[in-house]
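Structure record follows, encoded as structure tokens.
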Amino acid sequence: MTAALFPAQEIGSLAKPRWQLLGQRGAPLDPGAAEEFRGDEARLHFADDLAGAREALLGPGAPPDRADRARDLGAEFAIRFLEAAGLDRVYDGEARRIEMYEYPIRQMLGFEFQGHVRSFDAKYYLKAAVVDAVGLAAPYHVDEFDFVRAHARAEPKLPITGPYTLADWSYNQYYLARQPGWKGRGARRSAQREFVVDVARRAIRPTLRALVDRGCRVIQIDEPAAGTHPDEAELVVEGFNAATEGLDAEFSMHICYSDYRALLPTLLEAKRCRQWAWEFANRDAPGHDGYAVLRALREYGDDRSVGLGVVDVHRDAVEPPEVVAERIGRAARYLGDPGRLWVNPDCGLRTRSLPVARAKLEALVAGAELARAEFENPRR
Amino acid sequence: MRVLTGLTSPFPRPEPLVQASRDFDRGRVSAERVDALYRSTEEEVDALERRIGLGVRTAGYVRWPDLYRPIAERWDGFAVGPLTRWLETNTFFRQPILLAPPVRVPGAFASGLPAPLRAAPAGARVLLPGPYSLARLLDNRSGETDAAVVHRLGRLLGEEAAALANDGFSEFLLPDPLLVRDPPEGPLAEATVAAYRAVQAGVGAGRATAWTYGGDARPALPLLDRLHPTVVGIDLTETEPDALPAAPRPGPVGFGVLDSRTTLAEEPEEIARIAHDAARRRGATEVLLGPAGPLDLLPWGPAARKAEQLARVPNARSGGPA
Chain A
1 MTAALFPAQE IGSLAKPRWQ LLGQRGAPLD PGAAEEFRGD EARLHFADDL
51 AGAREALLGP GAPPDRADRA RDLGAEFAIR FLEAAGLDRV YDGEARRIEM
101 YEYPIRQMLG FEFQGHVRSF DAKYYLKAAV VDAVGLAAPY HVDEFDFVRA
151 HARAEPKLPI TGPYTLADWS YNQYYLARQP GWKGRGARRS AQREFVVDVA
201 RRAIRPTLRA LVDRGCRVIQ IDEPAAGTHP DEAELVVEGF NAATEGLDAE
251 FSMHICYSDY RALLPTLLEA KRCRQWAWEF ANRDAPGHDG YAVLRALREY
301 GDDRSVGLGV VDVHRDAVEP PEVVAERIGR AARYLGDPGR LWVNPDCGLR
351 TRSLPVARAK LEALVAGAEL ARAEFENPRR
Chain D
1001 MRVLTGLTSP FPRPEPLVQA SRDFDRGRVS AERVDALYRS TEEEVDALER
1051 RIGLGVRTAG YVRWPDLYRP IAERWDGFAV GPLTRWLETN TFFRQPILLA
1101 PPVRVPGAFA SGLPAPLRAA PAGARVLLPG PYSLARLLDN RSGETDAAVV
1151 HRLGRLLGEE AAALANDGFS EFLLPDPLLV RDPPEGPLAE ATVAAYRAVQ
1201 AGVGAGRATA WTYGGDARPA LPLLDRLHPT VVGIDLTETE PDALPAAPRP
1251 GPVGFGVLDS RTTLAEEPEE IARIAHDAAR RRGATEVLLG PAGPLDLLPW
1301 GPAARKAEQL ARVPNARSGG PA
């Protein structure tokens, strides 16, 4: 952890600029998108080694690598965007990822996509079934990390979807079929445990090992599904422990929009997890203290650091720095140790426009500064 | 023992409809084009149910955005609220907001039923929202107690059932998962019993089934047995079949036997064996078999395969209920 109180970190994805989306499609930029790109480039000072990518994006003709180069520039943009906001730990805004499920599943063996399932209204997602033992074609996110490490000035922090979430969001066919007899609750539980552990051991862990070998020191394992089935918290933990076994890195676990108390104390058995990165601001409202759940960590004697969600990613209203600072102060009192707090958005800011995301990140950093001043020079 | 098979929830949308409904949201296709696809999909599901030999038809209810929207958008007193997670799934519904005591709008619900069912009500299954789960899952700003809302919803659903029975419908199924996931107690329990009594009165000579799922039914059975003559559906993927107690009186029973959380297709012989044993334990005179939870948690292909396996159960040769 850095020496100063309340360092700031990214937590997930950013919206992609329009010039990146056009470039990814291989399409030429219209004048508005080109102007937007030039503005971003001038403000954020893209790296010199991306001159070729710039040419591919803005130049005449239709170079075959325009999509890849647009992603390079999108990643550079996000890194600079986060650094310019003043974050101490950054990534690339997940500029090369479309979502957090389909891509990792496509890097694994044993899965078959089954078709679209409705999420709500006319929104759908593609869902896969595990039809054979889980395997890994090749470790993933490695090239992505190499790019970030080569371009980031702040410390890189890599997010990766966790084994429990990947299993929970897939149909369990193979492991369930291996269970004898009627596939009731007991059989389903055993099959899901095998599935989670195999995803962790056979796919996530080799990927994490490859990333650690490349110098990745800070890794956030995303488990948004953890809160969906609180009675399966032990599977979340088992998956986390199996995925990180024998690996030396600073691991954190990101969970959001969940009843954290329902996951405790089981979650605390995640052995190599050094930080809980949770969403809080979304549930913090007049008359409802969104940070009070932190008392539970103190009650259980858990002394790990906390990635504190201090800005809501589902509303455009930008939190004033004073609000951010007050939230940090409240959380510090609940934990009993301000030195264990990092600050971050609740979750990925891709839900907001880039100008709103920027304003929220700047408010977050300014709020952390206010809180720091308060703790270092407390008013009497 | 008679075995009646049938679907218990909306069916998944096929890929062409998925694409068209997405494109419609993006302004790329016309409302007429999407409507035509909805209509042809209803006909396709209806034809599938007839072809594979399910005992009742649903025509898929593919237009329904969720279980509660046909009521929340068409009856007075409701507004459509925020996206809310549907139980422990990765799907969502829009939470109904009850702003005032609900009022049924005659004909409004019926107009949203799939066209093939309206054209041929005999052998069709009407899905109605279970009153207890609806009352618990909505945002009640009506000023009435939850128990009063359950009671009133039961009465309105009974009126709806009576109107539909008058149109020739006789088979009504009410998905009500919270009856087993969070069973009602005290005044809520009494209101639930009264609500189902009102539904049953509306159904008349037809059949009403309270379809529970997503939880072990055994703790709730003392209450569920009080819903008689309403049939109760029990989720056998969550309830240990070997541990079911006898029902207080013989009668029909429902069993959820397809697990919509997995693409693994159940074997008809195994379903027949499990359902037969469970029915004998309950002292059932007739068995209604269907998917336990919503089948639209699956894509079209796996759901169709499961439906075909279900249709084979009555003829499965395993000493089962055939």
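Residue numbers (this note's numbering), protein chains in the order written: chain A, 1 to 380; chain D, 1001 to 1322.
For each residue, glycine too, the CB sits at the ideal point set by N, CA and C.
These figures come from a predicted structure and were not determined experimentally.
Integer Cβ distance of residue i from residue j, believed to fall under 8 Å
| i | j | result |
| --- | --- | --- |
| D:L1054 | D:L1007 | 7 Å |
| A:F6 | A:I328 | 6 Å |
| A:Y124 | A:H116 | 4 Å |
| A:G239 | A:Y164 | 4 Å |
| D:L1067 | D:P1129 | 5 Å |
| D:A1265 | D:R1305 | 5 Å |
| A:G162 | A:I221 | 4 Å |
The beta strand (DSSP E) enclosing residue i, as first and last residue numbers
| i | result |
| --- | --- |
| A:W342 | L341 to P345 |
| D:L1258 | G1251 to L1258 |
| D:R1207 | R1207 to W1211 |
| D:E1171 | E1171 to P1175 |
| D:G1081 | D1076 to R1085 |
| A:L308 | S305 to V311 |
| A:E250 | E250 to I255 |
| A:A262 | A:A262 -> not in any beta strand (DSSP E); alpha helix (DSSP H) instead, spanning Y260 to L263. |
| A:Q275 | C273 to W278 |
is_contact[residue i, chain A] using C-beta, thresh 9 Å
| i | result |
| --- | --- |
| D:S1170 | no |
| D:F1093 | yes |
| D:R1181 | no |
| D:L1098 | no |
| D:I1274 | yes |
Nonlocal neighbours in the same chain, by C-beta distance under 7 Å from residue i, ignoring five residues either side
| i | result |
| --- | --- |
| A:A33 | R18, W19 and L22 |
| D:L1083 | F1092 and R1094 |
| D:I1052 | A1307, E1308 and A1311 |
| D:A1079 | I1097 and L1099 |
| D:A1147 | P1187, L1188 and A1191 |
Segment limits, alpha helix (DSSP H) that includes residue i
| i | result |
| --- | --- |
| D:E1190 | G1186 to V1203 |
| A:K16 | Segment: none, A:K16 is in no alpha helix (DSSP H) and carries neither H nor E. |
| A:D222 | Here A:D222 belongs to no alpha helix (DSSP H); instead the beta strand (DSSP E) covers V218 to D222. |
| A:A8 | It is not in any alpha helix (DSSP H) - A:A8 carries neither H nor E in the DSSP assignment. |
| D:L1164 | D1146 to N1166 |
Any non-hydrogen atom of the ligand GTP closer than 8 Å to residue i Cβ
| i | result |
| --- | --- |
| A:V323 | The ligand GTP is not among the ligands present in this structure, which contains no ligands whatsoever. |
Same chain, Cβ closer than 8 Å to residue i, neighbours up to 5 away in sequence not counted
| i | result |
| --- | --- |
| D:L1223 | L1179, P1183, P1184, A1189, T1192 and V1193 |
| A:D248 | V212 |
| D:S1040 | none |
| A:V134 | M108, L109, G110, F111, F195, D198, V199, R202 and A203 |
Three-way DSSP call (helix, strand, coil) for residue i in this model
| i | result |
| --- | --- |
| A:R118 | strand |
| A:I98 | coil |
| A:T165 | helix |
| D:G1290 | strand |
| D:P1222 | helix |
| A:H288 | strand |
| D:V1313 | helix |
| A:F171 | Phe is not the amino acid found at residue 171 of chain A; the sequence shown has Tyr there. Reduced to three states, the DSSP call for A:Y171 is strand. |
| A:F240 | helix |
| D:P1321 | Bear in mind that a pLDDT of 44 at D:P1321, under 50, signals an unreliable position, so the model cannot answer this. |
| D:T1005 | strand |
| A:R106 | helix |
| A:P206 | helix |
| D:D1296 | helix |
| A:K360 | helix |
| A:P28 | coil |
| D:D1139 | strand |
| A:D65 | coil |
| A:G39 | helix |
Sequence-distant residues of its chain with Cβ nearer than 6 Å to residue i (five each side left out)
| i | result |
| --- | --- |
| D:L1215 | Looking at the sequence shown, residue 1215 of chain D is not Leu but Gly. Same-chain partners within the cutoff: V1180, R1181 and E1238. |
| A:P152 | Per the sequence shown, residue 152 of chain A should be read as Ala rather than Pro. Closer than 6 Å at Cβ, skipping near neighbours: I79 and V90. |
| D:P1010 | Y1061, W1064 and D1296 |
Beta carbon proximity, residue i to chain D, threshold 9 Å
| i | result |
| --- | --- |
| A:L176 | yes |
| A:H229 | yes |
| A:D346 | no |
| A:G115 | yes |
| A:N172 | yes |
| A:S119 | yes |
| A:W278 | no |
| A:G184 | yes |
- Using a beta-carbon distance cut-off of less than 8 Å, what residues from the segment 1011 to 1030 of chain D approach chain C? In the structure shown, chain C does not exist; the protein chains are A and D.
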